[in-house]
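Everything in the sequence shown is counted per full-length UniProt numbering, starting at 1 for the first residue and increasing by one.
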Amino acid sequence: MPWHRLSPDELALLEATFWSGGVARHALADTLQFSRSKTNALTAGLLDQGLLDEAGAQHSTGGRRPETLKVHGRIGVLFGVDIGATSLDVALLRPDLTIIARHSQEADVQAGPGPIMARLRSLLPAMLAQNGIAPDRVLAVGIGVPGPVNFAVGQLVNPPLMPGWDSYAIRDDMREITDAPVFVDNDVNLMALGVLWRQRKQIDNFLVIKVGTGIGCGIVCHGELYRGATGSAGDIGHICADPEGPLCRCGNRGCVEAMAAAPAIVAMGVDAAQSGRSPALAAKLAEKGRVEASDVGAACRAGDAEADAIVRRSGRLIGQVLAALVNFYNPSHIFIGGGVSAIGPMFLAAIRQSVNQRSLALSTRHLEITAAPLGSETGLIGAGVLAMREALRSGSPA
Numbered sequence: 001m002p003w004h005r006l007s008p009d010e011l012a013l014l015e016a017t018f019w020s021g022g023v024a025r026h027a028l029a030d031t032l033q034f035s036r037s038k039t040n041a042l043t044a045g046l047l048d049q050g051l052l053d054e055a056g057a058q059h060s061t062g063g064r065r066p067e068t069l070k071v072h073g074r075i076g077v078l079f080g081v082d083i084g085a086t087s088l089d090v091a092l093l094r095p096d097l098t099i100i101a102r103h104s105q106e107a108d109v110q111a112g113p114g115p116i117m118a119r120l121r122s123l124l125p126a127m128l129a130q131n132g133i134a135p136d137r138v139l140a141v142g143i144g145v146p147g148p149v150n151f152a153v154g155q156l157v158n159p160p161l162m163p164g165w166d167s168y169a170i171r172d173d174m175r176e177i178t179d180a181p182v183f184v185d186n187d188v189n190l191m192a193l194g195v196l197w198r199q200r201k202q203i204d205n206f207l208v209i210k211v212g213t214g215i216g217c218g219i220v221c222h223g224e225l226y227r228g229a230t231g232s233a234g235d236i237g238h239i240c241a242d243p244e245g246p247l248c249r250c251g252n253r254g255c256v257e258a259m260a261a262a263p264a265i266v267a268m269g270v271d272a273a274q275s276g277r278s279p280a281l282a283a284k285l286a287e288k289g290r291v292e293a294s295d296v297g298a299a300c301r302a303g304d305a306e307a308d309a310i311v312r313r314s315g316r317l318i319g320q321v322l323a324a325l326v327n328f329y330n331p332s333h334i335f336i337g338g339g340v341s342a343i344g345p346m347f348l349a350a351i352r353q354s355v356n357q358r359s360l361a362l363s364t365r366h367l368e369i370t371a372a373p374l375g376s377e378t379g380l381i382g383a384g385v386l387a388m389r390e391a392l393r394s395g396s397p398a
């Protein structure tokens, strides 16, 4: 695919079309501040090269009905890889980010990079073969990991949840698997990109919070992902909620992650079960020999008072940290995602209540706190966004 021959204006138009999901020529001209004649000439060239496709007529208020332009679906495919603390999700995607195939399995990042990279070495070629796609059709690969990343070199930097991954360059090892360019970022940054794409850039100052084994925050400022000076922006899980609190993986005490993320919810659930304060969780512990965060959520929804208190406590502590972010950053939206976000409506309600109690009135006047719009696919879609965006911005998919 001759992307390396495209001009900066052609690449800008192609990227704007990707973000739109389908757009008329006049809207592209307005977005890019190009003249109509220049836009028509650029789109004609990209159509001739097979990089754009006309997907049908849009509604018109008069005159000729405008054709909808899309990135051509036949230019290739993308891989999105979401490495979680306890899971591995891989998606094969079209350029419009529709999922062709998806694979999900349990994984343990604390075992080091070896097992996960070995799985990717077999899984990616197999997914291509199963769908009749040649390896050279892969445009790019986007990978999310639950830790700080030096984005420029695709290298993890002292990730608390991932012992054995420090200074590990995933991108280098991925060259054994694919010739396509590989881009690596923090998992919640990819969630933020997924939300930004889903919203078609209609909102441009928001936060995405992932609550799972850890807690992280993706920051979008004026329509662009904000990584900070060294790539660690948004590592809110290690903001102190209680100086006398429990020891965190990072070595400090009272981090909100240590007090409100999934392991803390599980620990409180086990304690409630063993003490007899929660009959529902005691029954679950007897049945399975363990308690999971989802069990606490189910017990909460069923009316178990102790489980309800655990869920509310977690939401309140997270909301306490988010209130400080709201006062500092003044986002229009906060999207809550990650595995713990699915434990029930009381979790989100507790976050909202805590934020509203602790934030300035002006900061929360129009603030919306909702679940992440793409659900469990947010990270995978975001990985696809990263892959496509960076491939376009580099000027070549290979």
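The beta-carbon is built from N, C-alpha and C at its ideal position, and this holds for glycine as well.
Since the model is a prediction, treat every value here as computed from it, not as a measurement.
(message) I'd like to know if the stretch 147-159 and the stretch 297-305 are in contact, where contact means that at least 3 CB-CB pairs between them fall below 8 Å.
(response) no
(message) By the three-class DSSP mapping on this structure, what secondary structure does Glu244 have?
(response) Taking the first residue of the sequence shown as position 1, residue 244 is located at position 244. DSSP, read as helix, strand or coil, puts Glu244 in coil.
(request) State the Cα-Cα distance for the pair Asp9 and Gln202, rounded to the nearest angstrom. (result) Here residue 9 corresponds to residue number 9 of the sequence shown, with the count starting at 1. Here residue 202 corresponds to residue number 202 of the sequence shown, with the count starting at 1. Computed Cα separation, rounded: 22 Å.
(request) Would you list, in sequence order, the uninterrupted alpha helix (DSSP H) runs of no fewer than 4 residues that lie entirely inside the stretch 299-355? (result) 305-329
(message) DSSP three-state label for Gly382, please.
(response) The sequence position of residue 382 within the sequence shown is 382, counting from 1. It is helical.
(message) Rounding to the nearest angstrom, what Cα-Cα distance links Ala107 and Val141 in this structure?
(response) Along the sequence shown, one-based indexing puts residue 107 at 107. Along the sequence shown, one-based indexing puts residue 141 at 141. Rounded to whole angstroms, Ala107 to Val141 spans 20 Å at the Cα level.
(request) Sort Val291, His103, Thr98, Ile99 by Cα distance to Val90 and report the nearest one. (result) Along the sequence shown, read from residue 1 onward, the residue named residue 90 stands at position 90. For the residues Val291, His103, Thr98, Ile99, the minimum Cα distance to Val90 belongs to His103.
(request) Report yes if the C-beta distance between Leu52 and Val77 is below 8 Å; otherwise report no. (result) As a first step, residue 52 must be located in the sequence shown, where it is residue number 52. As a first step, residue 77 must be located in the sequence shown, where it is residue number 77. No; because the gap between Cβ atoms is not below 8 Å, this pair is not in contact.
(request) May I ask you to verify whether the stretch 211-218 touches the stretch 330-341, counting CB pairs closer than 8 Å and requiring at least 3? (result) yes
(request) Check the DSSP bridge columns for Val208 and list the partner residues they point to. (result) What you label residue 208 is simply residue 208 of the sequence shown in a count that begins at 1. Looking at the DSSP assignment, Val208 forms a beta bridge with Gly218, Phe335.
(message) I'd like to know whether the C-beta atoms of Ala101 and Leu92 end up nearer to each other than 8 Å.
(response) On the sequence shown, position 101 is the one that residue 101 refers to. On the sequence shown, position 92 is the one that residue 92 refers to. Yes, the Cβ-Cβ distance between Ala101 and Leu92 is below 8 Å.
(request) Work out the CA separation of Leu123 and Arg249 for me, nearest whole Å. (result) Here residue 249 refers to the residue found at position 249 of the sequence shown. Here residue 123 refers to the residue found at position 123 of the sequence shown. Each residue's Cα considered, the two are about 31 Å apart.
(request) Would you kindly report the start and end of the unbroken alpha helix (DSSP H) that includes Val23? (result) Taking the sequence shown and counting its residues from 1, one reaches residue 23 at position 23. Premise fails: Val23 is in no alpha helix (DSSP H) and is neither H nor E.
(message) Does the structure place the stretch 340-360 close enough to the stretch 241-248 that three or more beta carbon pairs sit under 8 Å?
(response) At 8 Å Cβ cutoff, the stretches do not touch.
(message) Is the beta carbon of Gly132 closer than 8 Å to that of Asp96?
(response) Here residue 96 refers to the residue found at position 96 when the sequence shown is read from its first residue. Here residue 132 refers to the residue found at position 132 when the sequence shown is read from its first residue. No, they are not a contact pair.
(message) Is it buried or exposed, Ser278, if we count other Cβ atoms within 10 angstroms and call 16 or more buried?
(response) Here residue 278 corresponds to residue number 278 of the sequence shown, with the count starting at 1. Ser278 is classed as buried because its beta carbon has at least 16 other beta carbons within 10 Å across all chains shown.
(request) State the Cα-Cα distance for the pair Leu380 and Ala233, rounded to the nearest angstrom. (result) In the sequence shown, counting from the first residue as 1, residue 380 sits at position 380. In the sequence shown, counting from the first residue as 1, residue 233 sits at position 233. So the two alpha carbons sit approximately 21 Å from each other.
(request) Counting only runs of 3+ residues fully inside the stretch 108-147, write out the beta strand (DSSP E) ranges in chain order. (result) 138-145
(message) As an exercise, report each continuous alpha helix (DSSP H) stretch of at least 4 residues that is fully enclosed by the stretch 236-293, in chain order.
(response) 256-260, 262-275, 279-288
(request) Check Ala16 in the structure and name its three-state DSSP category. (result) Here the question's residue 16 lines up with position 16 in the sequence shown. Reduced to three states, the DSSP call for Ala16 is helix.
(message) One question on the structure: do residue 414 and Asp295 come within less than 8 Å of each other, judged by their Cβ atoms?
(response) The structure shown does not extend to residue 414, since the chain is modelled only from 1 through 398, so no value can be given for it.
(request) Determine which residues share a DSSP beta bridge with Lys70 and list them. (result) Stepping through the sequence shown from its first residue, residue 70 is reached at position 70. DSSP output for Lys70 lists Asp53 as bridge partner(s).
(message) Quick check: the Cα distance between Ala118 and Leu392, rounded to an integer number of angstroms?
(response) Counting from one through the sequence shown, the residue named residue 118 turns up at place 118. Counting from one through the sequence shown, the residue named residue 392 turns up at place 392. Cα to Cα, the separation comes out at about 29 Å.
(message) Between the alpha carbons of Ala41 and Arg94, how many angstroms are there, rounded?
(response) As a position in the sequence shown, residue 41 is number 41, starting the count at 1. As a position in the sequence shown, residue 94 is number 94, starting the count at 1. Each residue's Cα considered, the two are about 26 Å apart.
(message) Relative to the C-alpha of Phe34, which candidate in Ala241, Leu47, Ala16, Gly22 has its C-alpha closest?
(response) Within the sequence shown, the letter at position 34 stands for residue 34. Measuring from the Cα of Phe34, the nearest candidate turns out to be Ala16.
(request) Determine the DSSP secondary structure at His4, reduced to helix, strand or coil. (result) Here residue 4 refers to the residue found at position 4 of the sequence shown. His4: helix per DSSP, three-state reduction.
(message) Taking only three categories from DSSP, how would you classify Thr364?
(response) Counting from 1 along the sequence shown, the entry for residue 364 is found at position 364. Helix, per DSSP.
(message) Please report the straight-line C-alpha distance between Trp19 and Arg352, rounded to a whole angstrom.
(response) Position 19 of the sequence shown, counting from 1, holds the residue named residue 19. Position 352 of the sequence shown, counting from 1, holds the residue named residue 352. C-alpha separation (whole angstroms): 30 Å.
(request) Measure the Cβ-Cβ separation of Asp82 and Pro148 and say whether it is below 8 Å. (result) In the sequence shown, counting from the first residue as 1, residue 82 sits at position 82. In the sequence shown, counting from the first residue as 1, residue 148 sits at position 148. Not in contact: Asp82 and Pro148 (Cβ atoms no closer than 8 Å).
(request) Go ahead and pull the three-state DSSP assignment for Gln155. (result) As a position in the sequence shown, residue 155 is number 155, starting the count at 1. Reduced to three states, the DSSP call for Gln155 is strand.
(message) Tell me the DSSP secondary structure of Leu374 in three-state form.
(response) The residue labelled residue 374 in the question sits at position 374 within the sequence shown. When DSSP states are grouped into helix, strand and coil, Leu374 belongs to the coil group.
(request) Below 8 Å on the Cβ atoms is my guess for Ile265 versus Val321; work out the distance and round it to an integer in Å. (result) Numbered from its first residue, the sequence shown carries residue 265 at position 265. Numbered from its first residue, the sequence shown carries residue 321 at position 321. That pair is no contact at about 16 Å.
(message) Buried or exposed for Thr68, going by 16 or more other Cβ atoms inside 10 Å?
(response) Looking up residue 68 in the sequence shown gives position 68. Buried, since its Cβ has 16 or more Cβ neighbours within 10 Å.
(request) Tell me whether Ser363 counts as near the ligand NAP, meaning its Cβ is closer than 7 Å to at least one heavy atom of that ligand. (result) In the structure shown, the ligand NAP is absent, as is every other ligand, since no ligand is present at all.
(request) Kindly indicate which residue of Tyr226, Gly375, Gly269, Val291 has the alpha-carbon position closest to the one of Ser314. (result) Walking along the sequence shown from the start, residue 314 turns up at place 314. Of the candidates Tyr226, Gly375, Gly269, Val291, the one whose C-alpha sits nearest the C-alpha of Ser314 is Gly269.
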